[in-house]
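> For reference, the structure I am asking about is given below.
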Amino acid sequence: MISVNKIFHAYGDNTLFDYDSLFIAEKDKIGLVGKNGAGKSTLLKMLAKINTPLEGTISMPNDISIGYLAQSLDIELDTTIRQACRSVFGDLLKFEERKIELESLLSDEKMLSDPNYSDWLTELTHINDQLQLSEGNKLEKKIEVILRGLGFSPEVFDHSISTLSGGWQMRVILARLLLSEPRLLLLDEPTNHLDIIAIEWLQEFLSQYSGAIVVISHDQRFLDYVTKRTVEISLGKFYDYKFSYSKYLEVRKEEIERQKQKIKDQEKYIKETKVLIEKFRAKKNKASFAQGLIRKLDRLEAIEVDDFNSSNFRFSFQEPVRSGKVVLKTHELRQSFGDNKVFDHINIEIERKEKVALLGKNGTGKTTLIKILVGQLKASGGTYELGHNVSVGYYAQDQAEQLDENATVLETIESEATGDLFKASRKILGSFMFSGEDVDKKVKVLSGGERARLALCKLLLKSYNFLILDEPTNHLDIASKNILKAALEKFEGTLLIVSHDRTFLSLLTERIIEVKPNGVSEYIGDIDAFLDEKRKESIMAFERLEKQKEVKKSESLNQNNFKQKKDFDKQQKRLRKIIDKLESGLEKKMNRKDEIEEEMSKPDFFTSQLHETVLNEHQEILNKISQLENEWEEAMLELESMEEPEI
Numbered sequence: 001m002i003s004v005n006k007i008f009h010a011y012g013d014n015t016l017f018d019y020d021s022l023f024i025a026e027k028d029k030i031g032l033v034g035k036n037g038a039g040k041s042t043l044l045k046m047l048a049k050i051n052t053p054l055e056g057t058i059s060m061p062n063d064i065s066i067g068y069l070a071q072s073l074d075i076e077l078d079t080t081i082r083q084a085c086r087s088v089f090g091d092l093l094k095f096e097e098r099k100i101e102l103e104s105l106l107s108d109e110k111m112l113s114d115p116n117y118s119d120w121l122t123e124l125t126h127i128n129d130q131l132q133l134s135e136g137n138k139l140e141k142k143i144e145v146i147l148r149g150l151g152f153s154p155e156v157f158d159h160s161i162s163t164l165s166g167g168w169q170m171r172v173i174l175a176r177l178l179l180s181e182p183r184l185l186l187l188d189e190p191t192n193h194l195d196i197i198a199i200e201w202l203q204e205f206l207s208q209y210s211g212a213i214v215v216i217s218h219d220q221r222f223l224d225y226v227t228k229r230t231v232e233i234s235l236g237k238f239y240d241y242k243f244s245y246s247k248y249l250e251v252r253k254e255e256i257e258r259q260k261q262k263i264k265d266q267e268k269y270i271k272e273t274k275v276l277i278e279k280f281r282a283k284k285n286k287a288s289f290a291q292g293l294i295r296k297l298d299r300l301e302a303i304e305v306d307d308f309n310s311s312n313f314r315f316s317f318q319e320p321v322r323s324g325k326v327v328l329k330t331h332e333l334r335q336s337f338g339d340n341k342v343f344d345h346i347n348i349e350i351e352r353k354e355k356v357a358l359l360g361k362n363g364t365g366k367t368t369l370i371k372i373l374v375g376q377l378k379a380s381g382g383t384y385e386l387g388h389n390v391s392v393g394y395y396a397q398d399q400a401e402q403l404d405e406n407a408t409v410l411e412t413i414e415s416e417a418t419g420d421l422f423k424a425s426r427k428i429l430g431s432f433m434f435s436g437e438d439v440d441k442k443v444k445v446l447s448g449g450e451r452a453r454l455a456l457c458k459l460l461l462k463s464y465n466f467l468i469l470d471e472p473t474n475h476l477d478i479a480s481k482n483i484l485k486a487a488l489e490k491f492e493g494t495l496l497i498v499s500h501d502r503t504f505l506s507l508l509t510e511r512i513i514e515v516k517p518n519g520v521s522e523y524i525g526d527i528d529a530f531l532d533e534k535r536k537e538s539i540m541a542f543e544r545l546e547k548q549k550e551v552k553k554s555e556s557l558n559q560n561n562f563k564q565k566k567d568f569d570k571q572q573k574r575l576r577k578i579i580d581k582l583e584s585g586l587e588k589k590m591n592r593k594d595e596i597e598e599e600m601s602k603p604d605f606f607t608s609q610l611h612e613t614v615l616n617e618h619q620e621i622l623n624k625i626s627q628l629e630n631e632w633e634e635a636m637l638e639l640e641s642m643e644e645p646e647i
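With the numbering used here applied, the sequence shown covers 1 to 647.
Okay, structure coming up:
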């Protein structure tokens, strides 16, 4: 579908893509990975036709539809959430408006004698056919399903987008993108503004998406669930793996170990060869042999280890002073801003050495609650109390933005460190991957991930026995998050953490506190136990709905005609057989298409003698797939349009 052909791109001396190629096929689900600055977002912009490479080409069909989710906001604020979603459907909305207009005309008896009456009737039939084919009559249902999945309640569908926070505005942009159903979906950190429940819904939706997806994400579990292929960008090259992220990590580590072993073998060979050269070069009858060995060494290409590091920094928390048994206790805590109630009846008790996750949908007040607990906000009512000898270390969502931009990395740490820690400032920074000239960089030139690491480093200079962390993994890559998690697992104090990263929370916390508008719910266990419980709740709600449907169905069955039911079943069975046969044929053709496209993606494909034959077969298969898909859609439409008779 899309060919990235020998592209080169650079910013100054920083080369992002060094004349390498990549092929994206129909229905590919690709996780794009690599270190910060490797070029992941740049490649997405090129695929979205926003940027172009300095050299090389990106080829794709002219009629391809592309949906691109950037990390920045770009949306019309002076409209409602529902209107923004409906606007995606353009022509279908015009059909709906015209349909209402025509139905009004045709229902008026005075219009029966109008000479245009027959034309109106024909036009209405055409519009109904178009809406049926495009499922235009289900637009509102589609909009509701996606908005609900992303966390919007029906009560806010008609609220103005201008009243939403930046995170919720980003959800509207994502909803519009999913509703547009492009053939190629490009997602840059789609989970950044979602809570855990919305992330679970999105990954399920994307796993069943019919088009191709290329996604950048630091959420390992999300990548594993959604993607089937991983492309790493490293030192200007694309490393392509036919499996999702976790398996890619295993294989990549094995490759690096093999490379390291090859270097050892090569070094051993060079050492032994040099010994032979020294031994024989002075002997006349062996001089030519020695010269041959020298030439052999000169031609030897040095083996290099790929730029791949799974552990960006290492650190441990200082051993904290022992606190009292009860670290935190709240009683009927509540918060409102004017008429807007954020939460009420918050009753929490946390004991020494507990590790607790604070969860809840976006907007339920998790950050507000934390700011109250650390004294940055005053509660509207209720009380809270920190236990005996409790010292609080607080990491805010915007902690990295609060750093002095004009200070250097080293100055930032030295301004907080005292005694032995001051002397060890450079060593401490080294453990956070700031070494050499990095420590002299101004904070204002650091990337988001670098700032986050520096802010965490600053937090660790003091010995706290109660850490309150609000989204500490924002801007950290997966490897950095793993190291932070390992340090928190060994932390001897008490932990209260807000995070939507399920991999990070898994096996880290032992209790979940879910914040709701009218109190909290508690779950014993880690994030996986919590999500299992939430799924059970969803299943129970679904089963209740299904039982209601069964009751209605049972009541209607008693009122229907059994002959109609028999004819209906016969026709339905016939259509299902046709659909099964078409699906079987499609599967075979798709498998063959994948085989050919894998062959086409090889560097030497277009130089082979058989490439024209293969290209012709590829086109024939695409035509056949298109034909089978059309026949399948017609059969499915006929099946879906059948109305089961009531008996």
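Heads up, the beta-carbon is just placed ideally off N, CA and C, and yes, glycines get one too.
Three Cβ pairs or more, each shorter than 8 Å: is that satisfied between the stretch 486 to 493 and the stretch 402 to 422?
no
> Classify H655: buried if its beta carbon has 16 or more other beta carbons within 10 angstroms, exposed otherwise.
Limits of the chain in this structure are 1 at one end and 647 at the other, which puts residue 655 out of reach.
> Between Q169 and I75, how many whole angstroms is the CB-CB distance? I'm expecting something under 8 Å.
At roughly 6 Å, the Cβ-Cβ gap stays under 8 Å, so Q169 and I75 are in contact.
> Shortest alpha-carbon distance to I146 belongs to which of L105, Q203, L16?
Put simply, of L105, Q203, L16 the residue whose alpha carbon is nearest the alpha carbon of I146 is Q203.
> If you run the structure through DSSP and keep just helix, strand and coil, what is G448?
In the displayed model, G448 falls within a helix according to three-state DSSP.
> Within a Cβ cutoff of 6 Å, which residues of the same chain sit near K99, ignoring the five residues on either side of it in sequence?
I127
> So what's I100 in DSSP terms, helix, strand or just coil?
helix
> Measuring alpha carbon to alpha carbon, tell me which residue in D108, R221, L575, R334 is nearest E200.
R221
> Are L69 and L164 closer than 8 Å when you measure CB to CB?
no
> Pop quiz: A84 and L54 are said to be a contact at Cβ under 8 Å. What is the actual Cβ separation, rounded to whole angstroms?
About 36 Å separates the two Cβ atoms, so there is no contact after all.
> Using a Cβ-Cβ cutoff of less than 6 Å, which residues in the same chain neighbour E349 once the five nearest sequence positions on both sides are dropped?
K329
> Could you have a look at N312 and say whether DSSP puts it in helix, strand or coil?
Low confidence applies to N312: its pLDDT is 48, below 50, so where it sits in the model is not reliable enough to give any reading.
> From the DSSP output, in three-state form, read off Q402 for me.
helix
> Taking the CB atoms as reference points, tell me whether L488 and L358 lie closer together than 8 Å.
no
> Report the rounded CA-to-CA distance for F606 versus M600, giving the unit in angstroms.
8 Å
> Taking the straight line between their C-alpha atoms, what separation do you get for M642 and E101?
27 Å
> How many angstroms separate the CA atom of I670 from the CA atom of I2?
Given a span of 1 to 647 for the chain in the structure shown, any question on residue 670 remains unanswerable.
> Which runs of the alpha helix (DSSP H), 4 residues or longer, sit entirely within the stretch 21 to 90?
40 to 47, 81 to 86
> Below 8 Å between beta carbons: does that hold for V33 and T230?
yes
> What are the uninterrupted segments assigned as beta strand (DSSP E) that are 3 or more residues long and contained completely in the stretch 439 to 505, given in chain order?
466 to 470, 494 to 498
> Leaving out five residues on either side along the sequence, give the residues of the same chain with a beta carbon under 7 Å from the beta carbon of M46.
T52, P53, I58
> Return the chain-ordered list of same chain residues with a C-beta closer than 7 Å to the C-beta of L293, the five sequence neighbours on each side being excluded.
T273, L276, I277
> To the nearest whole angstrom, what separates the beta carbons of S323 and G375, a pair I think is in contact under 8 Å?
Not quite, the Cβ-Cβ distance comes to about 17 Å (not below 8 Å), so this is no contact.
> Check whether the stretch 327 to 347 and the stretch 510 to 520 touch, using three or more Cβ-Cβ pairs below 8 Å as the test.
yes
> Taking all protein chains shown into account, do 16 or more other C-beta atoms lie within 10 angstroms of the C-beta of D195, making it buried, or fewer, making it exposed?
buried
> A212 and L187: beta carbons closer than 8 Å?
no
> Output the boundary residues of the alpha helix (DSSP H) element that contains T412.
409 to 414
> For the stretch 153 to 190, which segments carrying the alpha helix (DSSP H) assignment without a break, of at least 4 residues, lie completely within its bounds, in sequence order?
166 to 180
> Where does V614 fall in DSSP's three states?
helix
> Looking only at its own chain, which residues have a Cβ that is under 6 Å from the Cβ of K593, when we skip the five neighbours before and after it?
Cβ-Cβ distances below 6 Å link K593 to I621 in the same chain, with the five nearest sequence neighbours on each side left out; the list follows chain order.
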